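Asks:
There are 2 protein chains.
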Amino acid sequence: MKKSTHYKDYFLAHRLVTNELVEKIGNNHYNYKPTDTSMSAKELVVHMLTSFYQFVSAAAKRTPTPLHDENADINLTELAKLYTEESVKIIESLAEEDLDEIIDLTAVLGLKLPAEKIINLAIDHEINHKGNLFVYVRGMGHTDLPMFIRK
Amino acid sequence: MKKSTHYKDYFLAHRLVTNELVEKIGNNHYNYKPTDTSMSAKELVVHMLTSFYQFVSAAAKRTPTPLHDENADINLTELAKLYTEESVKIIESLAEEDLDEIIDLTAVLGLKLPAEKIINLAIDHEINHKGNLFVYVRGMGHTDLPMFIRK
Chain W
1 MKKSTHYKDY FLAHRLVTNE LVEKIGNNHY NYKPTDTSMS AKELVVHMLT SFYQFVSAAA
61 KRTPTPLHDE NADINLTELA KLYTEESVKI IESLAEEDLD EIIDLTAVLG LKLPAEKIIN
121 LAIDHEINHK GNLFVYVRGM GHTDLPMFIR K
Chain D
1 MKKSTHYKDY FLAHRLVTNE LVEKIGNNHY NYKPTDTSMS AKELVVHMLT SFYQFVSAAA
61 KRTPTPLHDE NADINLTELA KLYTEESVKI IESLAEEDLD EIIDLTAVLG LKLPAEKIIN
121 LAIDHEINHK GNLFVYVRGM GHTDLPMFIR K
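Protein chains in written order, with the UniProt record's numbering: chain W, 1 to 151; chain D, 1 to 151.
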């Protein structure tokens with residue numbers, strides 16, 4: 001299997017679960033916070049979507065073009081679909097040798113990493129915040145929740 | 001780098017963060033639940049520790065010996081230290097060829113997987129629940145929290 005296919009599949013095994021959780025968040029819960037010091041549901045979801053897109057853009061040595069206007073009214077389900085599609089396209093564009101390229105993330109993370117490690121880090125970041133999101137969605141009253149990974 | 005060393009380092013990059021969060025949970029919060037339908041903090045931490053240990057034991061074709069008495073009084077910080085040490089020992093015992101062995105998890109997960117995939121799945125499971133745990137610890141009033149991964 002091509003490495004880019006492996007990473008696309010691995011990403012989607014988690015992102016499709018994220019998107020399933022996002023679909024459960026009604027407009028009335030966009031500002032929901034499970035604790036006083038937490039990000040709101042909307043802030044958390046936007047952070048997940050944009051961070052992953054920025055990580056894989058960096059791995060592909062691309063400048064991420066903004067996919068949405070931060071000040072516009074947002075539909076989180078539609079935004080999740082858009083960022084997922086664009087992130088998949090970038091992963092699919094990566095050739096085997098691109099994954100070995102050393103990427104300079106000094107400005108954002110204070111280190112340089114091979115592209116492949118950035119993609120792994122981006123997926124770990126997704127899983128971590130999806131773990132947050134499960135508690136948020138449960139706090140909104142939902143109990144019929146998916147497995148943490150799609151088989 | 002040996003694959004077992006890679007997996008030990010990858011596991012610890014997340015588990016040491018888990019353990020740092022666990023240290024913040026006082027006895028008075030062992031029964032804390034962020035939502036009515038959530039596991040308690042104690043249940044969540046015990047689930048994380050024992051699941052990872054059972055996953056890597058299965059990957060190593062070992063029967064996991066119980067490391068603690070479920071009915072005894074538990075100190076979560078000590079339990080986390082014990083399970084982390086024993087899980088590391090099992091990962092370190094894995095030779096390159098052991099990681100390619102197909103492990104039958106039909107009884108628990110309904111599928112068969114190479115040992116290496118089980119270890120990856122176990123780490124994803126750890127990250128997911130650590131993501132839950134961040135919300136728990138924030139709900140207990142803590143705001144000085146670590147990064148989701150240790151560099």
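Heads up, the beta-carbon is just placed ideally off N, CA and C, and yes, glycines get one too. These figures come from a predicted structure and were not determined experimentally.
Report yes if the CB atom of W:V135 is closer than 8 Å to the CB atom of W:S87, and no otherwise.
Replies: No.
Asks: Pick out whichever of D:I149, D:M140, D:L133 and D:T143 has its Cα sitting closest to the Cα of D:H47.
Replies: Among D:I149, D:M140, D:L133 and D:T143, the Cα nearest to that of D:H47 belongs to D:L133.
Asks: Express the C-alpha separation of W:K117 and D:G131 in angstroms, rounding to a whole number.
Replies: Taking the straight line joining both Cα atoms gives about 20 Å.
Asks: Return the first residue and the last residue of the alpha helix (DSSP H) that W:L49 is part of.
Replies: Its alpha helix (DSSP H) spans residues A41 to A59.
Asks: Assuming W:I102 is part of the beta strand (DSSP E), what are its boundary residues?
Replies: Counting along the chain, the beta strand (DSSP E) containing W:I102 begins and ends at I102 to L105.
Asks: Helix, strand or coil for D:P113, going by three-state DSSP, please let me know.
Replies: Note that residue 113 of chain D is Leu in the sequence shown here, rather than Pro. In this structure, D:L113 counts as strand in the three-state DSSP scheme.
Asks: Among D:D124, D:P114 and D:E92, which residue has its Cα nearest to the Cα of D:M1?
Replies: Among D:D124, D:P114 and D:E92, the Cα nearest to that of D:M1 is on D:E92.
Asks: Can the beta-carbon of residue 239 of chain D be found less than 8 Å from the beta-carbon of D:P34?
Replies: The requested residue 239 of chain D does not occur in the structure, where chain D is confined to residues 1 to 151.
Asks: Could you check which residue in W:L113, W:V17 and W:D9 has the C-alpha nearest to that of W:D144?
Replies: Of the candidates W:L113, W:V17 and W:D9, the one whose C-alpha sits nearest the C-alpha of W:D144 is W:V17.
Asks: Under a three-way DSSP split, which group does D:N75 fall into?
Replies: D:N75 falls in the coil class under three-state DSSP.
Asks: What do you reckon, are the CB atoms on D:K112 and D:D124 nearer than 8 Å?
Replies: Not a contact, by the Cβ cut-off of 8 Å.
Asks: Going by C-alpha to C-alpha distance, which of W:I102, W:E78, W:E85 and W:K61 sits closest to W:V22?
Replies: Closest by alpha carbon: W:E78.
Asks: Going by DSSP, what residue range makes up the alpha helix (DSSP H) through D:N19?
Replies: Per DSSP, D:N19 belongs to the alpha helix (DSSP H) from K3 to E23.
Asks: For chain W, check one thing: does any of its Cβ atoms lie closer than 8 Å to the Cβ of D:K130?
Replies: Output row for D:K130: interface = yes.
Asks: Identify the contact partners of W:V45 in chain D, using a Cβ-Cβ distance below 9 Å as the criterion.
Replies: In chain order: nothing, as chain D lies at least about 14 Å away.
Asks: Out of D:N28, D:L12 and D:M147, which has the shortest C-alpha to C-alpha gap to D:E85?
Replies: Of D:N28, D:L12 and D:M147, the residue nearest in Cα terms is D:L12.
Asks: According to the neighbour-count rule (16 or more other Cβ atoms, all chains shown, within 10 Å of its Cβ), is D:N128 buried or exposed?
Replies: By the neighbour-count rule (16 or more Cβ atoms within 10 Å), D:N128 is buried.
Asks: Output the distance between the C-alpha atoms of D:F148 and W:L99, rounded to the nearest integer angstrom.
Replies: Going by the C-alpha atoms only, they are around 24 Å apart.
Asks: Can a CB atom of chain W be found closer than 8 Å to the CB of D:F134?
Replies: Taking Cβ atoms only, chain W reaches closer than 8 Å to D:F134, which makes this a yes.
Asks: Hey, how far is the Cα of D:S51 from the Cα of W:H14?
Replies: Distance between the alpha carbons of D:S51 and W:H14 is about 19 Å.
Asks: Using a Cβ cut-off of 8 Å (strictly closer), state whether W:S40 contacts chain D.
Replies: With 8 Å as the cut-off, W:S40 does not count as an interface residue toward chain D.
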